[in-house]
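Just so you know, the sequence shown maps onto residues 7 to 161 in the working numbering. The beta carbon of each residue, even a glycine, is placed where N, CA and C say it ideally should be. A quick note: this is a predicted structure, and the numbers were derived from the prediction, not measured.
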Amino acid sequence: MAPLVILVVVTLALVGLRAAGVTRLPAWPFAVQGGVAAMFVATGLAHFIGMREELIAMVPPAIPAPGLVVTVTGVLELLGAVGVLWRRTALWAAAGLTLMLIGMFPANVYAAQQGISPSFGDALLPRTLMQIVFLAATVTVVVHYARRVEVRSGH
């Protein structure tokens, strides 16, 4: 549940700052980019601090080297968080994060089915709904930057 709260609070804070006249902040989708970046910094760090063992337990048994998988995905989440804030890499970083969210969803299903983390937000329906929100955020960034590329290329 914490990643959802981080995404929403940071996004709304950035929208609020812009509305309050902090004009140096770029307009919307930058707020979403900031929310996505903050969320993936938090989740990426969780791969190394605090939740590592729980995340390793979430890796379905059919996937070899769960510790390595958690390390690699944590590094990719942190790189994606940085990349989504830089205009030159935002499209590719957001696309990569989108693919990671899709690719890691089976681990969420497995964890929900196994009761690995029995809080409400870890049940399958809330996990799925949160995943949809996360995907909507990353896809928003992808679409925004894909449109910019399209406009620049004249298509």
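Helix, strand or coil: which one does DSSP assign to Phe54? Secondary structure of Phe54 (DSSP, three-state): coil.
Going by C-alpha distance, which of Pro112, Pro9, Thr49, Leu85 is nearest Met64? For the residues Pro112, Pro9, Thr49, Leu85, the minimum Cα distance to Met64 belongs to Pro112.
Tell me whether Gly50 is buried or exposed, calling it buried when 16 or more other Cβ atoms sit within 10 Å of its Cβ. Buried: at least 16 other Cβ atoms inside 10 Å.
Beta-carbon proximity list for Thr95, same chain, < 6 Å, skipping 5 on both sides: Exclusion of the five residues before and after Thr95 leaves Gly89 as the residues of its chain whose Cβ lies within less than 6 Å of its Cβ.
Quick check: the Cα distance between Ala117 and Leu20, rounded to an integer number of angstroms? Taking the straight line from one Cα to the other gives about 33 Å.
Taking 9 Å as the threshold (C-beta atoms), are Leu97 and Val42 in contact? Annotated as distal: Val42 and Leu97, with beta-carbon spacing of 9 Å or more.
Pairwise C-alpha distance: Gln39 and Val147: 7 Å
Distance check for Gln120 and Leu130, CA to CA, integer angstroms please. 10 Å
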